[in-house]
Amino acid sequence: MSQINLHIKLSLIQLFLLVLNLFIFSSAMPFLSWFIESAFGWLGILATTPLLLIIGRIIPQLKKNEEFCIPNK
Numbered sequence: 015m016s017q018i019n020l021h022i023k024l025s026l027i028q029l030f031l032l033v034l035n036l037f038i039f040s041s042a043m044p045f046l047s048w049f050i051e052s053a054f055g056w057l058g059i060l061a062t063t064p065l066l067l068i069i070g071r072i073i074p075q076l077k078k079n080e081e082f083c084i085p086n087k
């Protein structure tokens, strides 16, 4: 797998997880229509946060690699 494809896939996963995290955090706000009274939604934070941290650590390492550079035309 080329590094550009890997970076694109990781960026899309990161975007999806950020939106999912936002939805989970906002589910604790009672004035929104998707309010969840139980604490079950908070388990999603435990699942998505480590993945976001791992991806956030991998992407800068990919950028440091010289093969990842996209030249301007």
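Each position in the sequence shown, counted from 1, maps to that position plus 14 in the working numbering. Where a beta carbon is used, it is the ideal one built from N, C-alpha and C, also for glycine.
Legend entry - Inter-residue spacing [alpha-carbon to alpha-carbon] between residue 22 and residue 16: 10 Å
Legend entry - Contacts around residue 61, its chain only, beta-carbon distance under 7 Å, and the 5 residues preceding and following it disregarded: none
Inset, instruction - Quick one: give me the first and last residue of the alpha helix (DSSP H) that residue 57 is part of. - result: Under the DSSP assignment, residue 57 falls in the alpha helix (DSSP H) whose first and last residues are 57–78.
Inset, instruction - Might you give, ordered along the chain, the residues of its own chain that have their beta carbon closer than 8 Å to the beta carbon of residue 63, omitting 5 neighbours on each side? - result: 35
Inset, instruction - Under the assumption that residue 38 contacts residue 59 (Cβ atoms under 8 Å), give the Cβ distance between them as a whole number of angstroms. - result: Contact holds; Cβ gap of about 6 Å.
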